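*Asks:* Chains as they are written, first to last, in the numbering used here: chain D, 69 to 302; chain X, 69 to 302.
2 protein chains.
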Amino acid sequence: MAEYPPFAVTVDLVVLTVRADQLCVLLVRRGIEPYRGAWALPGGFVGIDEDLPAAATRELAEETGLAEPAGHLEQLGTYGHPRRDPRGRVVTVAWLALLPDQANPVAGTDAASADWLPLSQLSPGQLAFDHDRVLADGVERARAKLEYTPLAAAFCPPEFTVAQLRGVYETVWGTRLDPRNFHRKVTGTPGFVAPVGRATEGDRGRPAQLFRRGPAPLLHPPMLRPDQTGQTGS
Amino acid sequence: MAEYPPFAVTVDLVVLTVRADQLCVLLVRRGIEPYRGAWALPGGFVGIDEDLPAAATRELAEETGLAEPAGHLEQLGTYGHPRRDPRGRVVTVAWLALLPDQANPVAGTDAASADWLPLSQLSPGQLAFDHDRVLADGVERARAKLEYTPLAAAFCPPEFTVAQLRGVYETVWGTRLDPRNFHRKVTGTPGFVAPVGRATEGDRGRPAQLFRRGPAPLLHPPMLRPDQTGQTGS
DNA sequence: AGCCATTATCGTCATGGCGACGACAAAGGG
DNA sequence: CCCTTTGTCGTCGCCATGACGATAATGGCT
């Protein structure tokens with residue numbers, strides 16, 4: 069194999085969460101060159117005997133301090149432009165993680181500091197390497213997957229209300245959804261959510277029923293995103 | 069960079085086409101170890117200065133003799149189990165290609181012979197490396213994408229009839245679709261297909277209108293797959 | 001030529017999901 | 001005790017869809 073071009077292989081993570089009605093991404097501030105001082109997606113090199121999902125899970129645990137008990141992790145795509153890293157030929161396998169807002173301490177295991185940044189505060193060209201595009205692809209994937217999978221629940225704690233779930237959709241899609249129709253849709257789609265039997269207490273307004281993720285892997289029919297065709301004036 | 073584990077990076081192609089009412093995949097017979105004599109997905113090593121999409125396009129051109137004029141090519145996923153290749157640590161970026169049945173000569177640029185094989189004739193464990201799984205993922209992706217994209221047209225020549233398009237769906241999904249409802253759906257979804265203005269001649273039955281691919285990147289609403297819960301007699 | 005098989009295309013009708021919205025239930029705060 | 005807030009259930013009309021029937025336009029056959 070020595071006759072073939074040697075590559076370095078890394079994993080990078082697009083870790084998304086919803087907190088305070090904002091879609092946020094986990095970013096680290098780079099402590100070394102290149103792009104020293106810039107924000108970047110968390111990630112690292114894959115060990116020579118390490119499987120790719122294992123590397124992604126390991127990095128996620130290192131950066132967030134949790135072993136993905138809840139949430140969701142899937143492969144997003146691979147990016148390998150010859151000059152994406154000035155140090156040499158690095159191919160990175162990007163992963164998308166959706167996590168509930170667990171107020172992670174995000175203790176930087178590495179020297180770099182990490183933090184949740186709202187997507188609305190990020191401007192293009194702000195991230196190191198090609199991470200702007202990776203992040204954009206991840207967000208796009210997340211938005212699309214909310215339509216036809218029950219993955220919105222990955223942003224919620226194990227038990228959640230219909231309103232919390234609706235809040236996830238509204239935040240990720242940037243739209244408003246009718247509470248009554250949303251309630252009908254969620255509770256009416258088989259396998260989307262499963263009732264716990266208990267209700268919230270202590271909040272404002274009428275207590276809400278608690279639910280868990282249902283067993284359905286896909287939403288049939290899908291959750292429809294409202295008409296996004298701008299045109300404010302009807 | 070020499071301090072980081074060296075990987076070999078390859079691209080592998082899942083090239084699908086529809087011919088004779090069969091979903092077929094382009095496979096090559098391996099001429100060297102490992103897996104000598106076994107069928108495998110076409111692919112090869114990525115050049116040290118070569119971009120990943122460029123490598124995929126190059127391999128596709130080498131194996132099929134065409135520069136992807138029609139059809140569709142997208143990244144499928146990356147597979148990198150530490151022992152997927154006995155020769156060493158090889159990470160492969162798999163790509164999915166959908167092509168019209170152009171009766172490609174499939175002149176083996178490499179010494180290996182290549183051919184179209186119907187999926188129905190393949191049994192699990194028949195392909196080299198982890199290509200069984202890569203192929204399964206590719207087919208699954210293709211089936212899913214027919215639902216919400218106009219990509220079925222990628223299996224057709226530049227100009228095609230509604231019936232040809234329906235045949236693609238029926239073959240890839242393994243179902244039957246009502247010709248009248250399908251016609252209404254296809255011609256009624258904006259941007260799915262664009263009428264050419266001419267019609268076929270010389271075939272059996274009434275001449276059919278010719279269409280081209282429309283500009284829509286997504287199908288709204290999606291093409292629904294018939295209830296697959298049918299317990300067939302088998 | 002005439003009939004028929006074949007394929008393409010248009011219509012009709014009932015059903016079901018969804019958007020818009022009204023109504024009621026169940027809590028807390030003044 | 002009323003009012004506000006939030007959750008849940010119902011109703012109505014529209015539209016896309018599945019299940020057909022009907023008609024149009026060809027080729028093949030006798």
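Glycine is no exception: its CB is placed at the ideal position from the N, C-alpha and C atoms. These numbers were taken from a predicted model, which means no experiment stands behind them.
Using a beta-carbon distance below 8 Å, is X/T257 in contact with chain D?
*Replies:* no
*Asks:* Can you name, in chain order, every residue of its own chain whose Cβ lies under 7 Å from the Cβ of D/L164, other than the five neighbours on each side?
*Replies:* V82, E142, L144, G206, R209 and A210.
*Asks:* To the nearest angstrom, how far is the alpha carbon of X/G115 from that of X/P289?
*Replies:* In a straight line, the C-alpha of X/G115 is about 42 Å away from that of X/P289.
*Asks:* Near X/D169, which residues of its chain fall below 7 Å by C-beta distance, leaving aside the five closest residues on each side in sequence?
*Replies:* T85, V86 and R87
*Asks:* So if DSSP puts D/Q277 in a beta bridge, which residue, or which two residues, is it bridged to?
*Replies:* D/A267
*Asks:* Between which residues of its own chain and D/Y147 is the CB-CB distance below 7 Å, once the five residues before and five after are set aside?
*Replies:* T160, A162, D198 and V202
*Asks:* Which runs of the beta strand (DSSP E) spanning at least 3 residues fall entirely within the region 134-175 of chain D, listed in chain order?
*Replies:* 140-147 and 158-167
*Asks:* Look at the alpha carbon of X/A212 and the alpha carbon of X/W241, and state the distance between them as a whole number of angstroms.
*Replies:* 9 Å
*Asks:* Take every Cβ of the region 245-259 of chain D, pair it with every Cβ of the region 277-292 of chain D, and state whether three or more of those distances are shorter than 8 Å.
*Replies:* yes
*Asks:* Give the secondary structure of D/Q194 by DSSP, where H, G and I count as helix, E and B as strand, and everything else as coil.
*Replies:* coil
*Asks:* May I have the straight-line CA-CA distance separating X/D246 from X/A267, to the nearest angstrom?
*Replies:* The alpha-carbon atoms of X/D246 and X/A267 are separated by roughly 21 Å.
*Asks:* From the DSSP output, which residues share a beta bridge with X/T243?
*Replies:* The partner list for X/T243 (beta bridge, DSSP) is empty, contrary to what the question assumes.
*Asks:* Starting from X/R201, trace the alpha helix (DSSP H) both ways and give me its first and last residue.
*Replies:* Element bounds for X/R201: H199 to Y216.
*Asks:* Please classify X/D80 as buried or exposed, where buried requires at least 16 neighbouring CB atoms within 10 angstroms.
*Replies:* buried
*Asks:* On the premise that D/F279 lies in contact with D/A262, defined as a C-beta separation below 8 Å, what is that separation, rounded to the nearest angstrom?
*Replies:* 6 Å
*Asks:* Give a yes or no on whether the minimum CB-CB distance between X/D117 and chain D is below 8 Å.
*Replies:* yes
*Asks:* Assign X/R248 to one of two classes, buried (16 or more other C-beta atoms within 10 Å of its C-beta) or exposed (fewer than that).
*Replies:* exposed
*Asks:* Kindly indicate if chain X contains any beta-carbon less than 8 Å away from that of D/T146.
*Replies:* yes
*Asks:* Using Cβ-Cβ distances below 7 Å, what residues of the region 69-85 of chain X are close to chain D?
*Replies:* M69, Y72, P73, P74, F75, A76 and V77
*Asks:* Which residues mark the beginning and the end of the beta strand (DSSP E) in which X/P186 is found?
*Replies:* A182 to P186
*Asks:* Taking X/L84 as part of the beta strand (DSSP E), name the residues at either end of that continuous run.
*Replies:* A76 to R87
*Asks:* Taking the C-alpha atoms as reference points, what is the distance between D/Y103 and D/C92?
*Replies:* 22 Å
*Asks:* Where do the N-terminal and C-terminal ends of the beta strand (DSSP E) with D/R91 fall, by residue?
*Replies:* Here the sequence assigns Leu to residue 91 of chain D, which means Arg is not the residue at that position. From DSSP, the beta strand (DSSP E) with D/L91 extends over Q90 to R97.
*Asks:* D/V161 versus chain X: which residues are under 7 Å apart at the beta carbon?
*Replies:* T146
*Asks:* Within the continuous beta strand (DSSP E) that includes D/G111, where are the two ends?
*Replies:* G111 to F113
*Asks:* With a cut-off of 8 Å on the beta carbons, I'd call D/T132 and D/N172 a contact; round off their distance for me.
*Replies:* 5 Å
*Asks:* Can you pull the DSSP bridge partners for D/F228?
*Replies:* D/F279
*Asks:* How long is the line joining the alpha carbons of D/G99 and D/L109, rounded to whole angstroms?
*Replies:* Distance from the CA atom of D/G99 to the CA atom of D/L109, rounded to whole angstroms, is 13 Å.
*Asks:* Taking Cβ-Cβ distances shorter than 7 Å, what residues in chain X pair up with D/Q143?
*Replies:* G145 and T146
*Asks:* Helix, strand or coil for D/A106 per DSSP?
*Replies:* coil
*Asks:* At what residues does the alpha helix (DSSP H) containing X/L128 begin and finish?
*Replies:* L120 to T132
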